[in-house]
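Report on one structure; see the data block that follows.
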C-alpha cells in the first residue's frame, strides 16, 4: 500500500509541476495551446514509462502530433501583432484538449497503479 501512495504522490507532484510549467510558458508569451500540449506530451511520456498501456501510448502520439500541428500551422498566425479570432479560437481548442489530456493521463495511470497493486497483493485462502 505504501508503494501505491508513493507512486500516487510522485505522479500528482509531476502533474502539478508540468501544468505549472505550461502556464508559465503561456505567461512568457507562448500560445496557451502549444504550452499545454507540450506539458501534456511530457506527462503522457512519464505515465507511459511507468506503465505500458496502449491508451497511454495513444495519448503520447496524439499529443505529440497535435503539438507539431500547432507549432507548424497555428503558431505563425498567433505570433502576429493582431491575430484573427479564428486562430485564437483554434489555440483555445488545442488548450482545451491539452487540459483534458492533463487530467485524463494521470487518472488512467492511477487506475493502472491500483490495479497493479491489487494483482500483486497476497491471496488469503479460507480453510474448508
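In the numbering used here, the protein residues as written are 5 to 132. Using N, Cα and C, we set each Cβ at its ideal position, and we do this for glycine too.
### Task
Compute the beta-carbon to beta-carbon distance between residue 37 and residue 74, rounded to the nearest angstrom, for a pair I have assumed lies under 8 Å.
Counting from 1 along the chain shown, the entry for residue 37 is found at position 33. Counting from 1 along the chain shown, the entry for residue 74 is found at position 70. At roughly 6 Å, the Cβ-Cβ gap stays under 8 Å, so residue 37 and residue 74 are in contact.
### Message
Taking the alpha-carbon of residue 120 as reference, which of 42, 47, 55 and 10 has the nearest alpha-carbon?
### Response
If you number the chain shown from 1, residue 120 lands on position 116. Residue 55 is the option with its Cα nearest to residue 120.
### Query
Leaving out the 5 sequence neighbours to the left and right, which residues in its chain are closer than 8 Å to residue 87 when beta-carbon positions are compared?
Numbered from 1 along the chain shown, position 83 holds the residue referred to as residue 87. Here the set comprises 81.
### Task
Check whether the Cβ atoms of residue 157 and residue 47 sit closer than 8 Å, and answer yes or no.
It is not possible to answer for residue 157, since the shown part of the chain is limited to 5 through 132.
### Query
Between residue 117 and residue 83, what straight-line distance do the alpha-carbon atoms span, to the nearest angstrom?
Here residue 117 refers to the residue found at position 113 when the chain shown is read from its first residue. Here residue 83 refers to the residue found at position 79 when the chain shown is read from its first residue. Distance between the alpha carbons of residue 117 and residue 83 is about 41 Å.
### Task
Could you please give the first and the last residue of the uninterrupted alpha helix (DSSP H) stretch that includes residue 58?
What you label residue 58 is simply residue 54 of the chain shown in a count that begins at 1. Counting along the chain, the alpha helix (DSSP H) containing residue 58 begins and ends at 58 to 73.
### Message
Please report the distance separating the alpha-carbon of residue 60 from that of residue 100.
### Response
The residue labelled residue 60 in the question sits at position 56 within the chain shown. The residue labelled residue 100 in the question sits at position 96 within the chain shown. Spanning the two alpha carbons is a distance of roughly 18 Å.
### Pairwise C-alpha distance: residue 85 and residue 42
Here residue 42 refers to the residue found at position 38 when the chain shown is read from its first residue. Here residue 85 refers to the residue found at position 81 when the chain shown is read from its first residue. Whole-angstrom Cα-Cα distance: 23 Å.
### Integer-rounded CB distance, given that residue 106 should sit under 8 Å from residue 14
For the purposes of this step, residue 14 is taken as residue 10 along the chain shown, with counting starting at 1. For the purposes of this step, residue 106 is taken as residue 102 along the chain shown, with counting starting at 1. With 8 Å as the limit, residue 14 and residue 106 do not qualify as a contact, their Cβ atoms being about 16 Å apart.
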